[in-house]
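Below is one structure, written out as structure tokens; the observations come after it.
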Amino acid sequence: MYIKKILWAIALIGLVVVASFAYYVYSTMLSPNTNFVNDEAYIYISSNDTYDEVKTQLEPLLKDIGTFDALAERKEYKTNIRAGKYRIKKDMSNNDIINSIRSNNIPIKVSFNNQESLEKLAGRIAAQIDADSLSLLETMKSKTFFEASEFSEATALGMYIPNSYEFFWDTSAEEFRDRMLKEYNRFWNDNRKSKAKAIGLTQNDVMTLASIVHEESKQAVEQPRIAGVYMNRIRVGMPLQADPTLKFAAYKLPEYKNTVIKRVLNKHKEIDSPYNTYKNAGLPPGLIAMPDISAINAVLNYEKHDYFYFAANAKKLGFHKFAKSLAQHNKNAREYQRYLTTQGINK
Numbered sequence: 000m001y002i003k004k005i006l007w008a009i010a011l012i013g014l015v016v017v018a019s020f021a022y023y024v025y026s027t028m029l030s031p032n033t034n035f036v037n038d039e040a041y042i043y044i045s046s047n048d049t050y051d052e053v054k055t056q057l058e059p060l061l062k063d064i065g066t067f068d069a070l071a072e073r074k075e076y077k078t079n080i081r082a083g084k085y086r087i088k089k090d091m092s093n094n095d096i097i098n099s100i101r102s103n104n105i106p107i108k109v110s111f112n113n114q115e116s117l118e119k120l121a122g123r124i125a126a127q128i129d130a131d132s133l134s135l136l137e138t139m140k141s142k143t144f145f146e147a148s149e150f151s152e153a154t155a156l157g158m159y160i161p162n163s164y165e166f167f168w169d170t171s172a173e174e175f176r177d178r179m180l181k182e183y184n185r186f187w188n189d190n191r192k193s194k195a196k197a198i199g200l201t202q203n204d205v206m207t208l209a210s211i212v213h214e215e216s217k218q219a220v221e222q223p224r225i226a227g228v229y230m231n232r233i234r235v236g237m238p239l240q241a242d243p244t245l246k247f248a249a250y251k252l253p254e255y256k257n258t259v260i261k262r263v264l265n266k267h268k269e270i271d272s273p274y275n276t277y278k279n280a281g282l283p284p285g286l287i288a289m290p291d292i293s294a295i296n297a298v299l300n301y302e303k304h305d306y307f308y309f310a311a312n313a314k315k316l317g318f319h320k321f322a323k324s325l326a327q328h329n330k331n332a333r334e335y336q337r338y339l340t341t342q343g344i345n346k
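Mapping the sequence shown onto this note's numbering, position 300 (from 1) lands on 299, and the numbers just tick up by one.
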């Protein structure tokens, strides 16, 4: 009888131990442990983050960081951290969370357009992926990369075709640049290459002219006509005389730092720069800004006409008046200059 009581006591103790262990397993591994009201939350883990830095991100999202910490130790997550963007769903258990942040790196959309320089592009990209702007810029301007490709610092901006792309958040600067080169080569398919060859321009020429067209007009409907004006000038050996190139040249000078040129003046036409298309015939050395795809296609499919001039339309802002003769152009230009004066825009 006494032995039976001992056995029953041992059995009960065993059951308690098993129940306690089961509860521990459940509370540590399987019970919901999130502490946010939305359906999901995200954390971003950099390639050099420590476990403590990951835990700092997780702590406000969890009910009990202690149980998570214990399971992370048991599952050896603390020594196996992986960079990326990770989703944590509402009511996830510690086990689910660890599995998610260990292996479910989420792709993100990276977008950019109308960046005026590699510096600004690097800043724009750095705000969307883990790579910092300095490493991005250094990679974009790599001399080794330029030597191995058809680009230079003057033309490199043309390699980045404005659009939305899917990346992992932990993409490195080199991976970003190399992917953009692949996208550039994909953009320049046989059809676009044949069109560029037919109009006597290289791919870099097209991108450079497209940057001027885009700075002249953001209206896709008239970009092919503007491109046609410049192609007419190139055909007869006439200087492009593109005002946006004068602004680009001016902004390189100390006296124009942190200024905005709203009105191109005769003094700007005297700036000594290879980007001064009033003084220098042909295309400038490279892009003056990042063109939209519409402007690139406008150059490749430029409108064939007899216009050699255009001026901003004072009665329809954002658009232009086109002219075949210098006399008509001067009339259109004077009309717009009068408008600027009435608006108090003198520089």
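Just so it is clear, CB atoms sit at the ideal spot from N, CA and C, and this is done for glycine as well. No experiment lies behind these values; they were computed from the predicted model shown.
For residue i, report the span of its alpha helix (DSSP H) as first-last.
i	result
residue 53	50–57
residue 213	202–215
residue 297	292–299
residue 347	Since the first residue shown for the chain is 0 and the last is 346, residue 347 is missing from the structure and cannot be characterised.
residue 366	Outside the displayed span of the chain (0 to 346) sits residue 366, for which this structure offers no information.
residue 250	242–250
residue 158	Per DSSP, residue 158 belongs to no alpha helix (DSSP H) and is neither H nor E.
residue 123	117–125
residue 114	Residue 114 -> no alpha helix (DSSP H), and no H or E assigned at all.
residue 327	325–341
residue 237	Neither: residue 237 is in no alpha helix (DSSP H) and is coded neither H nor E.
residue 189	189–197
residue 138	132–139
In whole angstroms, give me the CA-to-CA distance for residue i and residue j.
i	j	result
residue 229	residue 239	6 Å
residue 21	residue 65	Unreliable positioning characterises residue 21 in this predicted model, as indicated by a pLDDT of 45, which lies under 50. A coordinate reading is not provided.
residue 327	residue 120	40 Å
residue 214	residue 264	17 Å
residue 252	residue 272	10 Å
residue 195	residue 300	9 Å
residue 141	residue 200	26 Å
residue 25	residue 127	Note that residue 25 has pLDDT 48, beneath the 50 cutoff, so the model's placement of it is unreliable and the number below is only indicative. Distance between the alpha carbons of residue 25 and residue 127 is about 38 Å.
residue 116	residue 250	12 Å
residue 82	residue 147	30 Å
residue 248	residue 332	22 Å
residue 167	residue 235	49 Å
residue 342	residue 243	21 Å
residue 303	residue 226	9 Å
residue 161	residue 288	11 Å
residue 183	residue 340	43 Å
residue 220	residue 293	9 Å
residue 47	residue 258	40 Å
residue 334	residue 107	48 Å
residue 336	residue 262	9 Å
residue 151	residue 210	16 Å
residue 286	residue 180	17 Å
residue 190	residue 132	34 Å
residue 63	residue 91	12 Å
Output the boundary residues of the beta strand (DSSP E) element that contains residue i.
i	result
residue 277	Note, residue 277: premise wrong, no beta strand (DSSP E); not H, not E.
residue 308	308–311
residue 319	319–322
Do the CB positions of residue i and residue j come within less than 9 Å of each other?
i	j	result
residue 96	residue 57	yes
residue 205	residue 298	yes
residue 35	residue 54	no
residue 33	residue 74	no
residue 307	residue 216	no
residue 114	residue 159	yes
residue 84	residue 44	yes
residue 170	residue 129	yes
residue 277	residue 245	yes
residue 313	residue 338	yes
residue 172	residue 143	no
residue 185	residue 164	no
residue 50	residue 69	no
Per the DSSP calculation, residue i is bridged to which residue(s)?
i	result
residue 107	166
residue 40	87
residue 33	61
residue 92	31
Drop a sphere of 10 angstroms on the beta-carbon of residue i, count the other beta-carbons inside from all chains shown, and report buried for 16 or more, exposed for fewer.
i	result
residue 41	exposed
residue 175	buried
residue 80	buried
residue 136	buried
residue 270	buried
residue 280	exposed
residue 320	buried
residue 203	buried
residue 100	buried
residue 296	buried
residue 290	buried
residue 37	exposed
residue 344	exposed
residue 329	exposed
residue 224	buried
Any C-beta of chain C sitting closer than 9 Å to the C-beta of residue i?
i	result
residue 253	Absent from the structure: chain C. Only one protein chain is present.
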